[in-house]
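Colleague: I have a structure here, written as structure tokens, and I will follow up with some questions on it.
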Amino acid sequence: MEHLYHYLALFLSIFLITKFLFHRNKNSPPGPFALPLIGHLHLLKQPLCQTLESLSLKHGPILSLKFGCRSVLVLSSPSAVDECFAQNDVTFANRPRTMAGDYLTYNYANFVWAPYGHVWRSLRRLSTTEILSQKSLQKFSAIREEQVCSFVRQLLKIIGNGTQKVELQYLFSTLLFNIMMSVAAGKQCIEEEIATTILGKQYLQEMKDKFFASLTICMCDFFPILRWVDYKQSKKSMIMLHRQRDEFLQGLIEEIRQKKSTPLNPTTALESEKRTTLIESLLSLQESDPEYYSDIVVKAILLMMFIAGTEMSVITMDWTMSLLLNHPEVLKKVREEIDCHVGPGRLLKDSDLPKLRYLHCVINETLRLYPAAPLLLPHSSSEDCSVGGFHIPRDTILMLNVWTIHRNPNIWEEPTKFKPERFEAMDGKKESFKFIPFGVGRRACPGAAMGIRMISLALGTLIQCFDLERVGHELVDINPEFGTALRRNKPLEAVCSARHVMVDVLAQL
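Residue 1 is where the sequence shown starts when you use the numbering used here, and the numbers rise one by one after that.
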């Protein structure tokens with residue numbers, strides 16, 4: 001009889017655990033069986049986007065998961081994304097609060113991570129007005145052209161008068177950091193004289209370490225107790241990283257402040273007015289409203305510029321060039337388009353880019369196959385809502401599996417093939433939810449136009465000026481290194497030489 005009581009107690013315990021820990025709302029989206037405490041974390045393996053794709057194929061395009069104490073909704077079809085953001089765009093306009101957000105975003109003082117509401121609208125309006133408007137894009141076009149010329153000169157310095165193997169990824173990173181630094185502070189990040197030296201490479205690596213750290217979710221966000229014990233010293237590392245970033249950004253601001261306070265002669269003042277930097281513009285706004293346009297807000301905007309404006313663009317340039325090297329017929333077609341619209345007598349300009357439709361198709365096809373952020377940045381529901389007829393509770397993390405959507409065979413013909421022509425006849429609005437490399441809804445990336453312009457100008461000029469081939473007979477390795485950002489797992493190298501028809505133009509640089 002005593003053993004019977006033990007068995008009954010064990011049975012009751014199992015029943016209660018099953019009832020309270022494994023209970024799922026009858027109207028919740030489908031998902032796999034969850035374990036106590038950890039939920040579905042045991043199922044997650046790298047590459048995460050492909051693991052989520054496998055789960056979605058089994059349970060449906062609207063997938064419910066549990067990561068520790070957090071509920072997660074994964075969408076992997078255009079119809080699900082359409083319904084979610086057509087009907088619940090405001091509800092999902094928030095970002096989840098994370099440890100990285102707490103320590104690395106100046107307390108969410110930028111439009112990327114700020115909670116949805118009045119502050120977010122003000123920050124986004126400020127960013128789009130000062131950085132990302134059409135007027136600003138045109139204003140900074142001269143900077144992009146100047147830095148691309150510098151990029152070409154660096155490449156010429158490496159190859160000399162012959163043919164040379166070149167590490168393109170390094171040059172892409174140098175170019176993008178120089179563009180961002182010139183826009184922000186009116187100077188190069190890595191001076192042209194040292195760009196191709198060991199010193200230049202060391203400094204670039206320091207910049208990457210400073211700004212390419214992830215701002216997304218970590219294990220401490222799913223198990224709050226891990227924050228208290230500082231699991232793997234995550235908190236300590238983030239605080240140190242934030243201090244390094246803050247010192248660098250504050251240094252840029254103080255440098256511009258000192259420059260603004262120094263009297264200039266009339267000629268220099270006129271030239272300076274024409275080339276007003278972003279920091280100068282923000283400090284001028286600060287003079288009219290110092291409480292709102294604080295140094296914190298200025299640094300938060302600069303931080304997002306250096307992160308989103310460099311890393312994502314470098315990744316896309318790297319993938320695009322890799323695919324072009326593996327498809328020389330496409331590379332030839334891009335060059336013929338540039339030669340047709342620009343000619344060999346001058347360098348490609350920013351104003352030429354609207355004519356280069358096939359180049360734009362190539363970049364779009366690259367973004368389809370290899371989106372820089374395969375799961376985008378997470379959203380969070382601000383209240384209970386319904387998606388696909390399923391109940392979604394408040395504070396649910398929303399993830400969009402762009403990798404799966406972009407490679408869905410029911411949506412795309414031959415989805416794994418590199419076919420830029422597929423974008424020649426596409427209607428952007430009609431196809432928006434099946435091609436979303438920059439996100440959707442209120443939180444869609446407002447810097448998409450600037451990113452595409454930088455990538456197009458740099459790659460277009462590279463293709464116009466140089467003959468590019470693979471190193472050896474083997475195809476360029478296009479196996480991705482999966483993570484928050486979808487990088488290639490090997491540095492991109494190419495055999496490069498100056499085109500004969502561009503020799504006179506290149507000699508004048």
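Backbone N, C-alpha and C define an ideal beta-carbon position, used for all residues, glycine too.
Since the model is a prediction, treat every value here as computed from it, not as a measurement.
Which residues share a DSSP beta bridge with Ser-64?
Modeller: Leu-73.
Colleague: To test your reading of the DSSP string, which unbroken alpha helix (DSSP H) runs of 4 or more residues are found completely within the segment 188 to 231?
Modeller: Taking only runs of at least 4 residues, the alpha helix (DSSP H) segments lying wholly in the segment 188 to 231 are 198 to 211, 225 to 228.
Colleague: Using 8 Å as the threshold, is the C-beta distance between Ser-237 and Ile-455 below it?
Modeller: Their beta carbons are not under 8 Å apart, which means Ser-237 does not touch Ile-455 by this criterion.
Colleague: Would you mind reading off the limits of the alpha helix (DSSP H) that contains Asp-395?
Modeller: No alpha helix (DSSP H) holds Asp-395; DSSP gives it neither H nor E.
Colleague: Could you pull out every residue in the same chain whose Cβ sits closer than 6 Å to the Cβ of Leu-41, ignoring the five residues on either side in sequence?
Modeller: Closer than 6 Å at Cβ, skipping near neighbours: Phe-67.
Colleague: Note down the Cα distance separating Ile-253 from Met-305, rounded to an integer number of angstroms.
Modeller: Cα to Cα, Ile-253 sits roughly 14 Å from Met-305.
Colleague: Would you list the one or two residues that DSSP bridges to Gly-39?
Modeller: Leu-35, Phe-67.
Colleague: Between Cys-465 and the ligand FMN, is the CB less than 7 Å from at least one heavy atom?
Modeller: What this structure holds is no ligand at all, so the ligand FMN is not there to describe.
Colleague: Helix or strand or just coil, what does DSSP make of Leu-400?
Modeller: Three-state DSSP puts Leu-400 in a strand.
Colleague: Check whether the Cβ atoms of Lys-157 and Thr-197 sit closer than 8 Å, and answer yes or no.
Modeller: No, the pair does not count as a contact, with Cβ atoms beyond the cut-off.
Colleague: With a threshold of 16 other CB atoms inside 10 Å of the CB of Cys-361, please say whether the residue is buried or exposed.
Modeller: When all chains shown are included, Cys-361 counts as buried.
Colleague: For the alpha helix (DSSP H) containing Leu-283, name the first residue and the last one.
Modeller: Unbroken alpha helix (DSSP H) run through Leu-283: 278 to 288.
Colleague: Below 8 Å CB to CB, which residues in the same chain sit around Pro-415 once its five sequence neighbours on both sides are set aside?
Modeller: Hits under 8 Å: His-406, Arg-407, Asn-408, Pro-409.
Colleague: What do you reckon, are the CB atoms on Ala-379 and Phe-33 nearer than 8 Å?
Modeller: The sequence given here places His at residue 379; Ala does not occur at that position. No.
Colleague: Thinking C-beta only, is Cys-49 closer than 8 Å to Asn-364?
Modeller: For Asn-364 and Cys-49, no; Cβs fall outside 8 Å.
Colleague: Among the candidates Arg-368, Asn-110, Lys-210, whose CA atom is the shortest distance from the CA of Trp-319?
Modeller: Of Arg-368, Asn-110, Lys-210, the residue nearest in Cα terms is Arg-368.
Colleague: Could you give the DSSP three-state label for Ile-158: helix, strand or coil?
Modeller: It is helical.
Colleague: Starting from the Cα of Tyr-370, find the closest Cα among Pro-354, Leu-492, Gln-202, Leu-486 and give me that residue.
Modeller: Closest option to Tyr-370, Cα to Cα, is Leu-486.
Colleague: With Thr-575 and Val-148 assumed to form a contact (beta carbons below 8 Å), what rounded beta-carbon distance in angstroms separates them?
Modeller: With the chain represented from 1 up to 509, any question about residue 575 goes unanswered, as that position is not in the structure.
Colleague: Alpha carbon to alpha carbon, what distance is there between Ala-185 and Leu-278?
Modeller: Between Leu-278 and Ala-185, the C-alpha separation is close to 7 Å.
Colleague: Tell me Phe-498's beta-bridge partners as DSSP assigns them.
Modeller: Per the sequence presented here, residue 498 reads as Ala, with Phe not at that position. Ala-498 pairs with Phe-466.
Colleague: Just to confirm, are Phe-433 and Pro-47 a CB contact at a threshold of 8 Å?
Modeller: Result no, Cβ atoms of Phe-433 and Pro-47 do not sit closer than 8 Å.
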